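For the sequence shown, the working numbering assigns the number 1024 to the initial residue and increments by one for each residue that follows.
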Amino acid sequence: MPDTTYFDDLETRSADARAVQQLAAVNEQIARVAAAADSCLPDVGNLKTLDDLRTLPILRKSELAKWQAERPPFGGIPVSNLAHVFQSPGPIYEPGGISHDWWRMGRFLHAVGFGADDIVQNCFGYHLTPAGMIFESGARAVGAAVLPAGTGQTELQVTAARDIGTTAYAGTPDYLKVILDKADEMGVALKFSKAAVGGGALFPSLRQEYADRGIICMQSYATADLGNIAYETPALEGMVVDEGVIVEIVTPGTGDPVPEGEVGEVIVTSLNPDYPLIRFATGDMSAVLSGQSPCGRTNVRIKGWMGRADQTTKIKGMFVRPEQVAALVAKHPEVTRARVIAGRDGQQDTMLVQLETTSDSAEAYAGSITDTLKLKGTVELHAPDSLPKDGLVIEDQRTYD
1024 MPDTTYFDDL ETRSADARAV QQLAAVNEQI ARVAAAADSC LPDVGNLKTL
1074 DDLRTLPILR KSELAKWQAE RPPFGGIPVS NLAHVFQSPG PIYEPGGISH
1124 DWWRMGRFLH AVGFGADDIV QNCFGYHLTP AGMIFESGAR AVGAAVLPAG
1174 TGQTELQVTA ARDIGTTAYA GTPDYLKVIL DKADEMGVAL KFSKAAVGGG
1224 ALFPSLRQEY ADRGIICMQS YATADLGNIA YETPALEGMV VDEGVIVEIV
1274 TPGTGDPVPE GEVGEVIVTS LNPDYPLIRF ATGDMSAVLS GQSPCGRTNV
1324 RIKGWMGRAD QTTKIKGMFV RPEQVAALVA KHPEVTRARV IAGRDGQQDT
1374 MLVQLETTSD SAEAYAGSIT DTLKLKGTVE LHAPDSLPKD GLVIEDQRTY
1424 D
């Protein structure tokens, strides 16, 4: 099993201590952004509690890309200790630093068991995008050496792993199997005993295949903009939120938090003083797990990646967006939840609007549906708290066979 000691004392602090310290850090972030000469956020003053975060606007990638086009390269967000500039699709540009564990990946690698005795075969890309540097920075934080392998040239990867004696793997979940299968084909024995993966789905069958080979495999949830957001621990019960971010789970299209256990969009506030992103929308879906991890870490846990939050769907030639569905709910105090379902009748699109409401008059909503969604649809009334709690506000049931 991986080392079950902790990376630092932050992982086991009390909820009250964490809230106090994170509130102070958030207020420092707000002040940094507001004080920037080319600031993109007005000075909103100090927040009184972390719950006050929900009063601030959500920053979406589309908006960040627009800011960056207007105020290159980082859109007016103050950046310090800059060592690298990376490019992600969009394009969106991300800063990177080389100060200690700039992306906070060391916490995850420590949980997997990476340490000073390891040589890490880092198979994340080093070209333009930051994944390779993110994991290399984490390896440095735990004292491990790195083979900066990148992707491809699998025979050379096997040869290097054999000759150097690499003991740990970092990369996408499936590429380790490619290396191991090639090693089997070449008759080469490798020394991998642990793997830290991300950037794709780690299916249970694949994790078990690695376990059968004596390789512990755990995954993290990270992005180019934010670094590490959450990570698996030896308990393998959800993902523990990293100590350097604050995670909110909200209804897609809004900034409103969902109850614990319900699926919603992941909104992250980074506490990295070198790149203060406040209420950044990842576009990913997840849910909060109740209780504390059996591993002893005390921070909130999430279920991991559960799909994408951008449910924008074209119906009858018109785009329907989660924000429009949220606006429809806001127009009617008695409506607690709405779900738009795109379907087909023959060769024609259909739109069903399901509403959780105490009203018994479907006709009462026809006008506001047309005004808000710009389409006419069938209305279906449901009792409060009866629609699925899966994070979907727009569901596309159409097939094109």
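No residue lacks a Cβ here, since even glycine has one placed at the ideal position from N, Cα and C. Since the model is a prediction, treat every value here as computed from it, not as a measurement.
Asked                                                                                                                                           : Found
How many angstroms separate the CA atom of Pro1153 from the CA atom of Gln1110?                                                                 : 8 Å
DSSP on Ile1100, reduced to helix/strand/coil?                                                                                                  : coil
Please tell me whether Leu1132 and Ala1219 are closer than 9 Å, where the distance is taken between their beta carbons.                         : yes
What separation, rounded to the nearest whole angstrom, lies between the Cα atoms of Val1181 and Ile1142?                                       : 14 Å
One question on the structure: do Val1416 and Ala1349 come within less than 9 Å of each other, judged by their Cβ atoms?                        : yes
Taking the runs of the alpha helix (DSSP H) that are 4 residues or longer, which of them lie wholly in the stretch 1222 to 1256?                : 1227 to 1235
Assuming Lys1200 is part of the alpha helix (DSSP H), what are its boundary residues?                                                           : Tyr1198 to Met1209
Could you tell me whether the stretch 1160 to 1180 touches the stretch 1114 to 1126, using the rule of 3 or more Cβ pairs below 8 Å?            : yes
Need the endpoints of the beta strand (DSSP E) that Met1262 sits in, please.                                                                    : Met1262 to Val1264
Ile1238 and Lys1205 - do their beta-carbons sit closer together than 9 Å?                                                                       : no
When the Cβ atoms of the stretch 1257 to 1273 are set against those of the stretch 1072 to 1086, are three or more pairs found closer than 8 Å? : yes
Going by alpha carbons, who is nearest to Phe1158 out of Val1135, Leu1179, Glu1178 and Gln1176?                                                 : Val1135
Report buried or exposed for Thr1035, applying the criterion of at least 16 other Cβ atoms within 10 angstroms of its Cβ.                       : exposed
Helix, strand or coil for Asp1394 per DSSP?                                                                                                     : helix
So is Asn1251 buried or exposed if we call it buried at 16+ other beta carbons inside 10 Å?                                                     : buried
Give me the DSSP bridge partner(s) of Asn1145.                                                                                                  : Pro1171 and Ala1193
Tell me which same chain residues have a C-beta within less than 8 Å of the C-beta of Leu1199, skipping the five on either side of it?          : Cys1146, Tyr1192, Phe1215, Ala1218, Val1220, Tyr1233, Ile1238 and Cys1240
How many angstroms separate the CA atom of Glu1086 from the CA atom of Asn1322?                                                                 : 30 Å
Determine the DSSP secondary structure at Tyr1388, reduced to helix, strand or coil.                                                            : helix
From Glu1260, Gln1347 and Thr1195, pick the residue whose C-alpha is nearest to that of Gly1148; which is it?                                   : Thr1195
So what does His1150 bridge to, in DSSP terms?                                                                                                  : Answer by DSSP bridge pairing: none, since His1150 is not bridged.
Grouping DSSP H, G and I as helix and E and B as strand, with all else coil, what is Leu1300?                                                   : coil
Can you grab the Cα-Cα spacing for the pair Gly1113 / Gln1091, in whole Å?                                                                      : 11 Å
In or out: Thr1078 buried (at least 16 other Cβ within 10 Å) or exposed?                                                                        : exposed
Considering only their Cβ atoms, is the gap separating Pro1280 from Phe1103 smaller than 9 Å?                                                   : It should be noted that the sequence gives Ser, not Phe, for residue 1103. No, Cβ-Cβ distance for Ser1103 and Pro1280 is not below 9 Å.
Can you tell me whether DSSP reads Gln1446 as helix, strand or coil?                                                                            : The requested residue 1446 is not part of the displayed model; the chain covers only 1024 to 1424.
Gly1306 by DSSP, collapsed to three states: which one?                                                                                          : strand
Apart from the five residues just before and just after Ile1081, which ones in its own chain have a Cβ nearer than 7 Å to its Cβ?               : Gly1278, Ile1290, Arg1302 and Ala1304
Residue range of the alpha helix (DSSP H) that Pro1280 falls in?                                                                                : It is not in any alpha helix (DSSP H) - Pro1280 carries neither H nor E in the DSSP assignment.
Can you tell me where the alpha helix (DSSP H) holding Pro1345 begins and where it ends?                                                        : Pro1345 to Ala1353
Can you tell which of Gln1045, Arg1331 and His1107 has the C-alpha that lies nearest to the C-alpha of Ser1293?                                 : Gln1045
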